[in-house]
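Reviewing the structure listed below.
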Amino acid sequence: MDATRRGTLFLIGGGLLGGGLLGALLGPARAETAGGTLFLNAYATAAASPDYGVAALDGAGGVRFTTPTPGRAHGIVVHPTRAEAVAFARRPGRWFMPLSLADGRPGPVIRAPEDRRFTGHGAFSTDGRLLYVAEDDVPRETGSIGVYDAMDGYRRVGAMPTHGLGPHELLMIADGTVLAVGNGGVITHPDTGRAKLNLDEMDSSITYVEVASGKLLDQVRLPEEHANLGIRHIAALADGGIAFGAQDERPVGMLQPLTGTHRPGGGAVRLFETPDDELSRFEGYIGSVAADKGKVAASSPKGGIIGLWDDATGAWLGSAALPDGCGIAPDGDGFLASSGLGSLRTVGAAPDLPGDNLRLADFRWDNHMTRFAI
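In this note's numbering, the protein residues as written are 24 to 397.
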């Protein structure tokens, strides 16, 4: 992506978006509605006491609008039939919030039931009538999927089990009949915040839940020698499978594969190949996964690296450096990535993954990026 074209919009180093103008941007501002692609990313401002919100970025890195959120946001999902998205609180979350994709205007904040905590992600039904939200059932110490009526102000209408512990990301697959869930396997409790309470007995898995009934259709775990890894982030593949990323919850002093794929009903997971010198740079942590056009990208903000694999063979294709980089989304033939230091870069094709690295100094981009068409 052309750095000069981007630089015109960024005025890198705090020009266009620096100083007092940033405050003016931290309310809804009208987005252009010409056809094209935008990217949504949660952010914090660079101030000592930051404000939080969601920003829409165009394909050249220009900010189209920003929308304040009640606190730090995490995942964002786009409604399939209307110009709306929903941003979810970082776990253990107490809220999610719809916002307009036409102008960034926020909708009413939806609060979690007292016995539930949202865990950062959700998915719409294919017709857009229902929103499924990953959550912890606190009293039962198990995973749950809250069901909300998107046609009636996101009124809660039910719940179903994830059939796993510590659910995080979930995706609608199989033409809208199945929810795939990345269950990290770790129990937390509101009284202890993000403390992990069962690391010696963690139980991570990918589960496939029938939407109509809540029935468990399939469940897969990593091989026993990798049981210390928590599967948290997943991405849909074109053939109906799932790519996943894991994080080392209980280090055992050895390098372990952190990414792979699984097909529902297809038996064991397939773990991706990564050269040891590259794998060590991930520092046992995958923060986001994206898939497109036969490639899977996975980021490690801890290691400042984004890796790329072939989704069919699991072969390593190369890496790109992005300090504190986590958000990734498909962008043309490659991916757009964002970092907690305010940077954006493109990640292209193997072997050298060329890209630029541009910084929007007043923003600290959060974990996930979501692409949508306008």
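Just so it is clear, CB atoms sit at the ideal spot from N, CA and C, and this is done for glycine as well.
Computed from a prediction, not measured in an experiment: that's the story for all the values here.
Would Phe141 and Glu158 qualify as a contact pair, given that the criterion is a beta-carbon distance under 9 Å? By one-based count along the sequence shown, residue 141 stands at place 118. By one-based count along the sequence shown, residue 158 stands at place 135. Their beta carbons are under 9 Å apart, which means Phe141 touches Glu158 by this criterion.
Per the contact definition of three or more C-beta pairs closer than 8 Å, is the region 172-190 in contact with the region 261-273? no
What is the rounded straight-line gap between the Cα of Gln242 and the Cα of Asp271? As a first step, residue 242 must be located in the sequence shown, where it is residue number 219. As a first step, residue 271 must be located in the sequence shown, where it is residue number 248. About 20 Å.
Given that a residue counts as buried once 16 or more other Cβ atoms are within 10 Å of its Cβ, and exposed if not, what is Leu278? Along the sequence shown, read from residue 1 onward, the residue named residue 278 stands at position 255. Result: exposed.
Helix or strand or just coil, what does DSSP make of Asp150? For this step, residue 150 is matched to residue 127 along the sequence shown. Three-state result, Asp150: coil.
Looking at the structure shown, is Leu364 part of a helix, part of a strand, or coil, going by DSSP? As a working mapping, residue 364 is identified with position 341 in the sequence shown. It is coil, neither helix nor strand.
Name, in chain order, the residues that DSSP records as bridge partners for Asp241. The sequence position of residue 241 within the sequence shown is 218, counting from 1. Asp241 is bridged to Tyr231.
Distance between beta carbons of Ala96 and Ala110, contact taken as under 8 Å: Residue mapping note: residue 110 aligns to position 87 of the sequence shown, counting from 1. Residue mapping note: residue 96 aligns to position 73 of the sequence shown, counting from 1. With 8 Å as the limit, Ala110 and Ala96 qualify as a contact, their Cβ atoms being about 4 Å apart.
Residue closest to Arg128, alpha-carbon to alpha-carbon, out of Val100, Cys349, Pro103 and Thr92: The residue given as residue 128 occupies position 105 in the sequence shown. The shortest Cα separation from Arg128 among Val100, Cys349, Pro103 and Thr92 belongs to Thr92.
Taking C-beta to C-beta, are Ala135 and Arg117 nearer than 9 Å? Indexing the sequence shown from 1 puts residue 135 at position 112. Indexing the sequence shown from 1 puts residue 117 at position 94. Yes, the Cβ-Cβ distance between Ala135 and Arg117 is below 9 Å.
Going straight from the alpha carbon of Ser303 to that of Pro190, what length do you get? Mapped onto the sequence shown, residue 303 falls at position 280. Mapped onto the sequence shown, residue 190 falls at position 167. In a straight line, the C-alpha of Ser303 is about 26 Å away from that of Pro190.
Rounded to the nearest angstrom, what separates Ile351 and Arg255 at their Cα positions? Counting from one through the sequence shown, the residue named residue 351 turns up at place 328. Counting from one through the sequence shown, the residue named residue 255 turns up at place 232. Each residue's alpha carbon lies about 15 Å from the other.
Taking 6 Å as the limit between beta carbons, can you name the residues of its chain near Ile133, skipping five residues before and five after? In the sequence shown, residue 133 corresponds to position 110, counting from 1. By the criterion of a C-beta distance shorter than 6 Å, Ile133 is surrounded in its chain by Phe119 and Tyr177, once the five residues flanking it on both sides are discounted.
Assuming contact is defined by CB atoms lying nearer than 9 Å, are Asp389 and Arg113 in contact in what I supplied? Residue 389 sits at position 366 when you count from the first residue of the sequence shown. Residue 113 sits at position 90 when you count from the first residue of the sequence shown. A contact, by the Cβ cut-off of 9 Å.
To the nearest angstrom, how far is it from the Cα of Val161 to the Cα of Gly207? Here residue 161 is taken as the residue at index 138 of the sequence shown, counted from 1. Here residue 207 is taken as the residue at index 184 of the sequence shown, counted from 1. Roughly 15 Å separates the two Cα atoms.
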